[in-house]
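Okay, so here's the structure we're looking at.
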Amino acid sequence: MPTDVFSALANPVRRKLLDCLRDGPRAVNDLAGEFELSRPAISEHLQVLRLARLVREEPRGRQRYYHLEPDPLAEVRQWLHPFEHYWRGRLRALRDVLDEENP
10 MPTDVFSALA
20 NPVRRKLLDC
30 LRDGPRAVND
40 LAGEFELSRP
50 AISEHLQVLR
60 LARLVREEPR
70 GRQRYYHLEP
80 DPLAEVRQWL
90 HPFEHYWRGR
100 LRALRDVLDE
110 ENP
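Set out below in structure tokens:
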């Protein structure tokens, strides 16, 4: 089972789960309602996110609530930073070409 941030983010279901948690903690049943997957399948994805430290679990009575833990995403941002510089340069070059065509 993947435990690093990059492996956890490689799955689109897990990325959508993180999106769902941006506005605050949510119960696992509530999260499962966002998908056409079984609750056990969603629980497995949440386990991967928990092992990667991207979410934390909070038991409240019979429910489990999940909270976004964004700190590990700093590793992803750091890795992406050089690519951001690359794309800014590419977009500047495109803007220059478009400016030449439409003076």
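One rule links them: number in the numbering used here = place in the sequence shown (from 1) + 9.
All C-beta atoms in this analysis are idealised placements derived from N, C-alpha and C, irrespective of residue type, glycine included.
Since this is a predicted model, take the numbers as computed values, not measurements.
Sub-8 Å separation of residue i and residue j beta-carbons
| i | j | result |
| --- | --- | --- |
| residue 37 | residue 48 | yes |
| residue 41 | residue 51 | yes |
| residue 34 | residue 78 | no |
| residue 55 | residue 26 | yes |
Cβ-based burial, residue i [other Cβ within 10 Å; buried from 16]
| i | result |
| --- | --- |
| residue 14 | buried |
| residue 107 | exposed |
| residue 64 | buried |
| residue 75 | buried |
| residue 97 | exposed |
| residue 86 | exposed |
| residue 30 | buried |
| residue 103 | exposed |
| residue 18 | buried |
| residue 23 | buried |
According to DSSP, residues forming a beta bridge with residue i
| i | result |
| --- | --- |
| residue 94 | DSSP output for residue 94 lists no bridge partner at all. |
| residue 77 | 64 |
Those runs of the alpha helix (DSSP H) which lie wholly inside the stretch 30 to 72 and span at least 4 residues: 37 to 41 and 48 to 60
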